[in-house]
Structure formats: C-alpha cells, structure tokens
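Novice: Could you have a look at this structure, given as structure tokens, before my questions?
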C-alpha cells in the first residue's frame, strides 16, 4: 500500500474514509483533481498517494498525447472520430496504470511521450494509447450501441467505450486480474460498465438483443462461433492479433452481411499507412457526444 | 603419497561434466521460462567466459602456474557458489523478450540481457580457468587432458539429458552442483581437503538457495499462463523429458484447434467442443479429448474438410492426429481407412495409452497408429487417396518441418492414387507470405514428379487465418472446381487459386479481405477489397517475378535447407528492423542469431589480438604466428560445423531433434575425447598423425556430402535403435580423427604461454561457429556447412604448426606432475 508516511492529516483521514466506502462513486470528468484520483484509487482497492507536483506533471503531458492521437488517427483513418477524442479526454488514463501482480500504482507512466505498452502483471498489458485509439475508432462506436469485450485487461478499453456507448460489458478470464479490475469502474462513476470473471466463449447470453461491437482480445485458433450469434445486424467483431508488447496489433474486423454470412477484413493500419490518395475516399466518422457519468452523491472535499 | 596421472585429471572430468551440464540446464530454463531462441545467447555467454579465461591465463600464465595447486583446490568451491548465485539471478531477471520487438520498450531489455552476462560469466570464466589451468599444469600430456575434458563434456551432456526425464527443467542446476563440488575431493596436492571442505560448505549454501528459494517460473506471456489462472483451472498430469516439460490442463479455455467456418451457426453445425489442453514448455501443442465420445459435429464446417468431400471413402494418410480429434473428424467426413502418423512421442503415447484422464484412442479397425514421420511413411509401399497434413503438425515437433520440403511433397505425390489429393496447411494469420513460399515448394515438388504445368494441378483456398493448398497428380477438372467453389462459398472461405481463375474478377465477392502491403515502403498497396495471396499465386506457380519475391525469401523448402520460418531476407536487414514489430515470433530467431554472431566475432578478434597487446608475455616464436592464428581457429570452426551438420542429419534420421542433438553431442564429444587420448602416443610422429586426421576428416566430409542423405532416406523404416546405432557408427570415425588436431597442434607449440592462448582461440572461434553455421545453413544449406568444414580441415593441414626446435623454451615449462 503506497501511502505517504507520517502524521495523520486531513487528507489521510479522507483517504481512509474513501477506502472504507468501497462503492462510493466519485464525480469525475469535469474536474479531475489529485484528491479525486486518490479517492477513486482508494475506493477501487488500490490505494496510492501522489504529490501535487506529480499529479500536475501527468496532466501537463495529456494535451500533447491527445494531439498525438488525433494526428495519428487522421493519418491512418482519414480523420479522428470526435467521440473517440472526447472519450480519451474524459477517461483519466493514469487511473489505469497499475501493476496488479505487485499491487503497485504507476500513474507517472501515463501519457508518456513515446507511447508504449505497459505490463500489468498476470499476463496482461495496457496497450499503448495510439493502438487503443485506433482500435476504438475501428470499432465505430455510437451512443445507442451495446458493446462486449472478452479480455478486460486493464479495463481502459471498456472505460473508453463506455463514454461513447449505452452499455459496455466486459469479461476477463484470468481470475485474480478480473476480480481486481471489476472494482475500478464504479469509483469513477462509470455505471454503464458491467464486468464478470469467467468464460467468454459464449459471450454474455443474458444481454437481450445482442451486441453492436464485440472485441475479443484472447482469441485462440478461430473466432468463437457463438459470438457471431450475439452480433447485431450491422455489428462488428474485432479481434486484435499478436503479442501485446508490439506497437499496436493487426486487427481482424468481422461483419455480417444481409444473408447472415460473415465477412472479415485484415486491418493493418497500425503498421502500414494507406497509400496517398486512398485516405480521401474514406468516409468521415459521424459526430457524437460523450456520455457523462451519472451524477454522484456529494463528493468529499479536501 | 603418489598421485597417479589419472586421478589428477578426474577433477577436470567432473568440472567439464558440470559445465556442459550447467550450460544445457540453462538452455532448458530459457526454453521453459522464456523462449528457446534465447538459449543461443546463453551458449554464447558460456563461450565468452571460456575465451576470456584463455586470454587471462595466456597473459598471466606463470603467476597462475605457480599457484596452480592451490587454485585447483579452491576453484570447486568458487564454481559451486558462482553457479548457484548465477542461476538464482538468472531466474530473477525480469527479461521479457517480447519487449525487444518494440523500439519504445527494448532499451530496458538490453540492460536485462547485460544482467545475464554479469551473473553467468563468472561461472563460465572460472570453469574456463580450471580447464585451461589443467592444460598448463599438464603440458606434457595435452592429449590426455583434452581427452578428459571432452569425455567429461560428453558424459555431462548425456547425464543432464537423462536427468531431464526425471527432474523438472527448473531443478537441474541443483543436481549439477553435486559433481561440481565433488571434484574438489579428487584434486591433487596438499590443499585437497581444505578445498573439499570449502566446496562442501558452498554446496550446502548453494542447495539451500536454489531449493528453498527457487524463483524460476514461466514468463507470464507464455500461452500457458492465462489458462492456468482461469477460475477452477487444474493441472491433471505432467511429463518430464529433454524434449520439454509437458502439462495437461483442464480449464474452460481449452477447445479443439480447428479452422472452423465463421458461418458455423448458419450451417447448423455445433462449435468445437471443450477439451483438455496439452502444453510443452508453456506452449500449447494440442487439445486432448475429455472422457466420453469424441464430439466432431463441427468437422464439415472446417477448412480441412474439402478433400473428403471430393473423394468419399478415401484411404487416408494423416500426419498429425491433433490429440485424436483429426482422426475422428476424418472418419466422420467419410474416410474408409486412416493411417495416422504422430511422431511427437507424448502425443503418440496419449493416443495409444491415454494421458492422465485423457482417454486413449481405442481400437478401431479403420485406423492404424504409427510414430513414423511422413518422410519415412510415404517411402514405404502403399498408396493413398488423400494425404492430409494437419494444421498443427508443423509446430508439434521441430522435425516435422521436413514434411514440408520439396522432397517430402514429391514423395507424397508419388504415393497418391490416380486423382489423389495432397492437402497442405499454411497459417496466414501472422504473415500471409508463408502461403506463397509453400506454393513455391509445391511447385518444385510437382515439377519433380514430372508435371509440366503445376498451376493446373493446384488449388488454394482460405479462411481469414489459414490456407489450404491442395495438389493432385491429375489436373483439376471443372467438376472438382465447382465443388471447391460451392464449399468455400457456403463457409465464407475464399478461393485464392484454381486453374483458369481471374483474381481481379474474384475481388467483388471476397469474404475475407486480405489487403496487400509493401514490406519495403510500409504502405497498404491494395485499393479496396483484395486477396493478397490470389494476386501473386499465378506468378509464383509460374516462377515469375512478383513483389513478394523481391521482399522475401520464397525459395522452396528443401531437406538441405529445412527452415520453414525463414522468409526474411537477411540482406535487407534495415527494412527488417524497421518492420520488426510486424514479424512473427518464429522469425526472430534468425535475428537473435545475427546478434550473437556479431558479438562472437568481436570476442574472437579480441582474443586474436592478445599477442599483439602482450607479445613478450606469450613468448611468441619468431616465425609461425600466422600459422597459429589460422590453425586453431580453423579447428574451432571445423569441429562445430561438422557437429551442426550431423545434428541436422541425425534429426532427420531419428525424426526427432532432441534425440538427434543428444546423440550427436555426446557421441562426438566422447569419441573425440578418446581420439585425443591417443594424441600423446602419436606425438612422436606428429606430421603423419595430422595428415591422417585431416585426410580422414576431409574424406568423411566428401563421403557424407554425396552418400549420407540417400543412406538416411533408405533406412528410415528401420527400428529406432538401429538408426541410432547407425548415427553413432557414422560419427565415430570422424570424431576419433577430430580429437587429434588440437592436442597435436598444442604439443607443437611447446608448453609456453601459447597453450592457454591457443585454447582460448579455439574456444573463441567455437563461439563464432554456431551462429555462423546457422547462418550458412539458412542461406545456402547444410551441405555448404559441411563443405566449409572440409575446406577448413584442408587449411588446418596446411597450417599445422612447425615443431619448436629451440631449446630456449624448455626451462620455462612448469615441471609436469610425473616429475614430482
């Protein structure tokens, strides 16, 4: 438990109170402060404390990272989806930098100048933010969508999607990781993220009507046939391929045609840029606004 | 108390034994915990340690010789300590090889690699000191010393490989510390018991460290990690062997591996059932059935089902049983009889006897099981309607790559009934270009069987992740092509080639869009839906120019160059490094090899330059230095080139890389050790001995180049023990002869400081030899490696050092043991 050593302070008492009220949601997005970060981390079972300087340094890097993402998406996909950009703005990435196997927070790694993947322990990694932005945009999320992710990992992908879509479901197969990550969404007020630990092969059959977007990050030899059954018409199933420490992955994007037959496309946009001229023909993504988290109870103040 | 000559060398035997055992144990650790290509780096660290020790001993020979007895007594304790501490810190090193593939993350990993050097070099340096000091103190009977060194190494290799049947890879080092400590008890002189006591204390501490605090474990990104940590996961059975450490897992992620149509739901076909999973060194190799009837309802929706639709009631040769599922699939699809080849020993055992709770295949008159490989099986009599290579066959065992060579495919074609089909799988998930390389190989095989137009005898169809290439000895007719197209259309598969196809027209109805990319420019070159494989198939089958041929190595896979995962062109290294992240892991080995080679060359040059740095210390003769710096390196390279050639041929002969490696390594070390023991007796007429040795070596190389492969292919059906004996019989003459040149050459240089330097030189060039041989084999074939070895022994013959005539050197030699 990384806490500051020393005397009992008001900050310390509040942090402790936050740790006790594990399901108490915190209003995020509009003003994201160091206290808000620490309280949310405490509430998620991952206590940490930062100095103001450390917190500010992270926030200082954020605009440049977002600009980088925007330029990257424009180069590879023709334009940056405003919904994706708004989601990146809203979701505090430093909250997801945590090494679960060592119970150690690493927020200082967030928004790094040279985007890279970060190991989280338990065989999982937080993918670099460019690759994640690319995959999010390729999923083409829209506000009425319901999404399913098999392989929660850090939870960042589901958190991003949850800022855009109606409901985001996520299944993690690795038990210790899944249990820990399931606690991190409520403290941020992301009440439209639903997680479970278990076998994702059959998807999430209890969800009526199926899914618009399905992401499978732990695929074996083939795309699970039962997941295609849960794909809504016009839906997309995305499978990233490759070991997690590369700069992004090759994506296989599956869609269903009118007959119900499955089509796939191998998307290598992370590694291969389009030929000049090809980008002009790509349709621009539609404009949507980001879902704000539900207003919480009055938050603790410092 | 008189000390016999042999007793004085027993410690050397034991240290050599333990050093080779430790090196082998480390490569097993890397294979299990990380990935095996990094075992190469370990071997290079070993050799660097030896080379350094030769240099240090060369520069400070007299100081070491004066304290020789005490050092030899003290070293075992130090060796035990450095071995244990080195292994401990090796296991705690957080090296993650996956991060080497990303420029943003590779720097910390380079520091981790440096960490391996720091913790492993001390042991190998000290072992090298022990060995070269033994040479120095017994300078009058170099042959005997070299003999004990080599036979110790050979026995060490054999012992640790045998231990792998009983001891898990992570616990081999504690075992090896015992002979290491025991060597102290046999050291000659008055320090013996002090040294033995120190070694005993060190042993206790070392075993405590390694047994009580063993930190070795799987890298958490190996395939086994996630399944092992799912809720209710259990390990049901384990098998230990030199081939690998196997684990049978029961967890909900385990299902049959099959390339099933994404339309399985539409086709009304159930998905693949749950199974057990079999892992080897943390990598998944097969699904094994759960008790009860095998459910293969999915079979008709899978990519490999087409040949059975084309030929009902077929007589099938099936390579790779996939734990038994493929047998059941093939029978369900309508095969009348199946001859199953499963060369992977644990998979075969599981079929015949079961493994843990996974049941055996059970008697079935339609099925015959065999542990042979396809190369052997098709040379026997019998013909087949369908020869089917399973999709997981290639990766199930190293030696299985030989089934994808031109020779093997040609033999398969000859074993087909008229109109029979050969079905070849290629994974296109990581790198679609592998399909083009297999097509080139298929083309060469068809031409070898007398087919004039390979394109007429080939069809290619694929899913998103896998392709199947079907070859036939008859041209594909309209009826079969119609069946193929309907089969693919129903299942959202695409046909990439059939005779008469127009790839451009087919783009409108592609199910699995596979855009073409330029490896060189980093751009997507397709404009709209495309089938990158279809674009180039016609050109590949006609042996014409095509973009992939310029960017990649599409040369057919042959028995002389049996490397499947070798599509990268190493002459385009800058492009490869730019695209490092897109490379499949299997291709990375070639790059690791280059890195090791570069390091090895630097070390070897440094050792070569030692005399220039300190010529007086080495007391170089006025003439003949040039001979020395050519002679000893030539020996170091030549011996290993022959060894690497033989390991490859033994793998083919025994159809198993691990036993091939073990047999050749042990055999060559022991026989050359025996040969070198004779060197002392032959020292009276050295020129005659060296001519004899080199002529035998060169003659053997020429005979092997022309006659070995046909002999191997002709005897593939003999029992294993006969083939293993043949391997040893082939090895023996050349190995006995190869034991001579090094001690004979050393004897010629007298007993000056040159002895350790020559030993260091030999060691340094042995470091160069392995990656260099791998490079030559990859680029030009194993026969070129052997040819180079023959040339090297001619060079050795020509540069054999002239006898030292000057008496001035005599008084500088340390009195030999016998004189005491």
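Residue numbers (this note's numbering), protein chains in the order written: chain A, 6 to 307; chain B, 4 to 823.
From the three backbone atoms N, C-alpha and C, an ideal C-beta is built for every residue, glycine too.
Please state if the CB of residue 664 of chain B and the CB of residue 645 of chain B are separated by a distance shorter than 8 Å.
Specialist: Translated into the one-based positions of the second chain, residue 645 of chain B becomes position 642. Translated into the one-based positions of the second chain, residue 664 of chain B becomes position 661. Not closer than 8 Å, so no.
Novice: Quick one: is residue 14 of chain B buried, meaning 16 or more other Cβ sit within 10 Å of its Cβ, or exposed?
Specialist: One-based indexing of the second chain puts residue 14 of chain B at position 11. Buried is the call here.
Novice: Helix, strand or coil: which one does DSSP assign to residue 106 of chain B?
Specialist: Along the second chain, one-based indexing puts residue 106 of chain B at 103. Assignment of residue 106 of chain B by DSSP, reduced to helix, strand and coil, places it in the coil class.
Novice: Using CA coordinates, which residue listed in B/16, B/581, B/697 and B/50 is at the minimum distance from residue 604 of chain B?
Specialist: For the purposes of this step, residue 604 of chain B is taken as residue 601 along the second chain, with counting starting at 1. From the listed residues B/16, B/581, B/697 and B/50, the smallest Cα separation to residue 604 of chain B is found for B/50.
Novice: Please report the distance separating the alpha-carbon of residue 594 of chain B from that of residue 584 of chain B.
Specialist: In the second chain, counting from the first residue as 1, residue 594 of chain B sits at position 591. In the second chain, counting from the first residue as 1, residue 584 of chain B sits at position 581. Approximately 13 Å, taken between the alpha carbons.
Novice: Hey, does residue 107 of chain A have any beta-carbon neighbour from chain B nearer than 8 Å?
Specialist: As a position in the first chain, residue 107 of chain A is number 102, starting the count at 1. Any Cβ of chain B closer than 8 Å to the Cβ of residue 107 of chain A would place that residue at the interface, and such an atom is absent.
Novice: Span of the beta strand (DSSP E) holding residue 282 of chain B?
Specialist: Locating residue 282 of chain B in the second chain gives position 279, where the first residue counts as 1. It spans 279-283 - the beta strand (DSSP E) in which residue 282 of chain B sits, taken as one unbroken run.
Novice: Output yes or no for whether 8 Å exceeds the beta carbon distance between residue 396 of chain B and residue 323 of chain B.
Specialist: In the second chain, the residue the question calls residue 396 of chain B occupies position 393. In the second chain, the residue the question calls residue 323 of chain B occupies position 320. Yes; because the gap between Cβ atoms is below 8 Å, this pair is in contact.
Novice: Measuring straight from C-alpha to C-alpha, what distance separates residue 534 of chain B and residue 528 of chain B?
Specialist: Mapped onto the second chain, residue 534 of chain B falls at position 531. Mapped onto the second chain, residue 528 of chain B falls at position 525. Their backbone Cα atoms lie some 12 Å apart in a straight line.
Novice: For residue 680 of chain B, I'd like the list of residues in its chain whose CB is within less than 7 Å of its CB, leaving aside the five on either flank, ordered along the chain.
Specialist: For the purposes of this step, residue 680 of chain B is identified with residue 677 of the second chain, where counting begins at 1. The answer, listed in chain order, is 146, 147 and 150.
Novice: Once the 5 residues before and after residue 165 of chain A are set aside, which same chain residues still bring their CB inside 8 Å of it?
Specialist: For the purposes of this step, residue 165 of chain A is taken as residue 160 along the first chain, with counting starting at 1. So the qualifying residues of the chain are 89, 92, 93, 96, 137 and 141.
Novice: How would you write the range of the beta strand (DSSP E) that residue 353 of chain B sits in, first residue to last?
Specialist: The residue you call residue 353 of chain B lines up with position 350 of the second chain. Counting along the chain, residue 353 of chain B falls outside any beta strand (DSSP E), though it belongs to the alpha helix (DSSP H) covering 348-356.
Novice: Assign residue 728 of chain B to buried or exposed, taking buried as 16 or more other Cβ atoms, counted over all protein chains shown, within 10 Å of its Cβ.
Specialist: Walking along the second chain from the start, residue 728 of chain B turns up at place 725. Flag for residue 728 of chain B reads exposed.
Novice: Considering only the alpha carbon of each residue, which of B/75, B/689 and B/472 lies closest to residue 424 of chain B?
Specialist: To locate residue 424 of chain B, count along the second chain from 1; it is residue 421. Closest option to residue 424 of chain B, Cα to Cα, is B/472.
Novice: Considering only the alpha carbon of each residue, which of B/58, B/20 and B/537 lies closest to residue 612 of chain B?
Specialist: On the second chain, position 609 is the one that residue 612 of chain B refers to. That would be B/58, whose Cα lies nearest to the Cα of residue 612 of chain B.
Novice: Measure the C-alpha to C-alpha separation of residue 581 of chain B and residue 139 of chain A and round it to an integer number of angstroms.
Specialist: Here residue 581 of chain B refers to the residue found at position 578 of the second chain. Here residue 139 of chain A refers to the residue found at position 134 of the first chain. If you draw a straight line from the Cα of residue 581 of chain B to the Cα of residue 139 of chain A, it comes to about 20 Å.
Novice: Measuring only between beta-carbons, confirm whether residue 129 of chain B sits less than 8 Å from chain A.
Specialist: Start at 1 with the first residue of the second chain, and residue 129 of chain B comes out as number 126. No - not a single Cβ of chain A is within 8 Å of the one on residue 129 of chain B.
Novice: Compile a chain-ordered list of the residues in the region 205-233 of chain A whose CB is closer than 8 Å to at least one CB of chain B.
Specialist: 206, 223, 225, 226, 227, 228, 229, 230, 231 and 233
Novice: Distance check for residue 221 of chain B and residue 329 of chain B, CA to CA, integer angstroms please.
Specialist: Along the second chain, one-based indexing puts residue 329 of chain B at 326. Along the second chain, one-based indexing puts residue 221 of chain B at 218. Those two C-alpha atoms are separated by around 30 Å.
Novice: For residue 177 of chain A, does the three-state DSSP call read helix, strand or coil?
Specialist: Translated into positions along the first chain, residue 177 of chain A becomes position 172. Strand.
Novice: For the putative contact between residue 180 of chain B and residue 45 of chain B, defined by C-beta atoms under 8 Å, what is the C-beta separation to the nearest angstrom?
Specialist: As a working mapping, residue 180 of chain B is identified with position 177 in the second chain. As a working mapping, residue 45 of chain B is identified with position 42 in the second chain. So it is not a contact: roughly 18 Å between Cβ atoms.
Novice: Give the residues of chain B in contact with residue 203 of chain A, contact being defined as C-beta atoms less than 9 Å apart.
Specialist: Mapped onto the first chain, residue 203 of chain A falls at position 198. Residues of chain B passing the Cβ test: 233, 234 and 255.
Novice: Rounding to the nearest angstrom, what Cα-Cα distance links residue 127 of chain A and residue 223 of chain B in this structure?
Specialist: Start at 1 with the first residue of the first chain, and residue 127 of chain A comes out as number 122. Start at 1 with the first residue of the second chain, and residue 223 of chain B comes out as number 220. Straight-line Cα distance between these residues: approximately 6 Å.
Novice: Since residue 101 of chain B meets chain A, which of its residues come closer than 7 Å, beta carbon to beta carbon?
Specialist: On the second chain, position 98 is the one that residue 101 of chain B refers to. Chain A residues near residue 101 of chain B: 248 and 250.
Novice: Can you name the start and end residues of the alpha helix (DSSP H) that residue 91 of chain B belongs to?
Specialist: Residue numbering aside, residue 91 of chain B sits at position 88 when the second chain is read from its first letter. 71-95 is the extent of the alpha helix (DSSP H) around residue 91 of chain B.
Novice: Return the first residue and the last residue of the alpha helix (DSSP H) that residue 748 of chain B is part of.
Specialist: Sequence index remark: in the second chain, residue 748 of chain B carries index 745 (1-based). 744-751 is the span of the alpha helix (DSSP H), which, as asked, contains residue 748 of chain B.
Novice: Whose Cβ in chain B lies nearer than 7 Å to the Cβ of residue 180 of chain A?
Specialist: As a working note, residue 180 of chain A is residue 175 in the first chain. Those within 7 Å of residue 180 of chain A in chain B are 232, 233 and 234.
Novice: Under 9 Å Cβ-Cβ, which residues of chain A neighbour residue 518 of chain B?
Specialist: For this step, residue 518 of chain B is matched to residue 515 along the second chain. 270, 271, 272, 273 and 277, listed in chain order.
Novice: Taking 8 Å as the CB-CB cut-off, is residue 259 of chain A touching chain B?
Specialist: Working through the first chain from its first residue, we reach residue 259 of chain A at position 254. Yes, residue 259 of chain A counts as interfacial toward chain B.
Novice: When burial is assigned at 16 or more other CB atoms within 10 Å of the CB, is residue 316 of chain B buried or exposed?
Specialist: For the purposes of this step, residue 316 of chain B is identified with residue 313 of the second chain, where counting begins at 1. By the neighbour-count rule (16 or more Cβ atoms within 10 Å), residue 316 of chain B is not buried but exposed.
Novice: Is there at least one Cβ from chain B nearer than 8 Å to residue 67 of chain A's Cβ?
Specialist: The residue given as residue 67 of chain A occupies position 62 in the first chain. By this cut-off, residue 67 of chain A is not an interface position.
Novice: In three-state terms, what does DSSP make of residue 124 of chain B?
Specialist: Position 121 of the second chain, counted from the first residue, corresponds to residue 124 of chain B. In this structure, residue 124 of chain B counts as helix in the three-state DSSP scheme.
Novice: Helix or strand or just coil, what does DSSP make of residue 449 of chain B?
Specialist: In the second chain, counting from the first residue as 1, residue 449 of chain B sits at position 446. Note: residue 449 of chain B maps to helix in three-state DSSP.
Novice: Give the residues of chain A in contact with residue 584 of chain B, contact being defined as C-beta atoms less than 7 Å apart.
Specialist: Against the second chain, residue 584 of chain B aligns to sequence position 581. Correct list: 251, 252 and 276.
Novice: Give me the Cβ distance between residue 60 of chain B and residue 132 of chain B, rounded to the nearest whole Å; I'm assuming they're in contact under 8 Å.
Specialist: Taking the second chain and counting its residues from 1, one reaches residue 60 of chain B at position 57. Taking the second chain and counting its residues from 1, one reaches residue 132 of chain B at position 129. For a cut-off of 8 Å, the C-beta gap from residue 60 of chain B to residue 132 of chain B is around 7 Å, short enough to register as a contact.
Novice: In three-state DSSP terms, what is residue 477 of chain B?
Specialist: For this step, residue 477 of chain B is matched to residue 474 along the second chain. Annotated three-state conformation of residue 477 of chain B is coil, per DSSP.
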